[in-house]
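K.L.:
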Amino acid sequence: MNTELLRDAMNRLKAQADKHRANLNQYKAGLANLHTQLQKLDNDLFATRQRFEALAGEPVVDTTVMKLYPLNDQVA
Numbered sequence: 003m004n005t006e007l008l009r010d011a012m013n014r015l016k017a018q019a020d021k022h023r024a025n026l027n028q029y030k031a032g033l034a035n036l037h038t039q040l041q042k043l044d045n046d047l048f049a050t051r052q053r054f055e056a057l058a059g060e061p062v063v064d065t066t067v068m069k070l071y072p073l074n075d076q077v078a
């Protein structure tokens with residue numbers, strides 16, 4: 003009887019551990035994806051800034067770039 007209870011408890015704990023391990027792996031994958039997306043956004047913003055500076059012939063203020071290249075367009 004005690005052996006059965008212990009076995010059931012161990013099986014439940016193993017199932018919970020497996021579930022948490024799977025959730026952790028999904029979290030890690032999500033973080034890696036977020037990091038990749040942020041790098042792409044940073045590269046896009048840098049390239050856009052360079053294009054505006056080339057067109058203007060002078061350095062562009064950050065707020066000007068953000069007004070002309072809104073973040074919402076990247077999210078959509």
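FYI, the working numbering numbers position 61 of the sequence shown as 63, with every residue one higher than the one before it.
Note that CB positions come from ideal geometry on N, CA and C, so glycine has one too.
How many angstroms separate the CA atom of LYS21 from the CA atom of ASP10?
P.N.:
Reading the sequence shown from its first residue, position 19 is the one you call residue 21. Reading the sequence shown from its first residue, position 8 is the one you call residue 10. Their Cα atoms are separated by approximately 16 Å.
K.L.:
In terms of residues, what are the limits of the alpha helix (DSSP H) holding GLY32?
P.N.:
On the sequence shown, residue 32 is found 30 positions in, with the first residue counted as 1. Taken as a continuous stretch (DSSP letters only), the alpha helix (DSSP H) holding GLY32 covers 4–58.
K.L.:
Between which residues of its own chain and LEU47 is the CB-CB distance below 6 Å, once the five residues before and five after are set aside?
P.N.:
Residue mapping note: residue 47 aligns to position 45 of the sequence shown, counting from 1. None.
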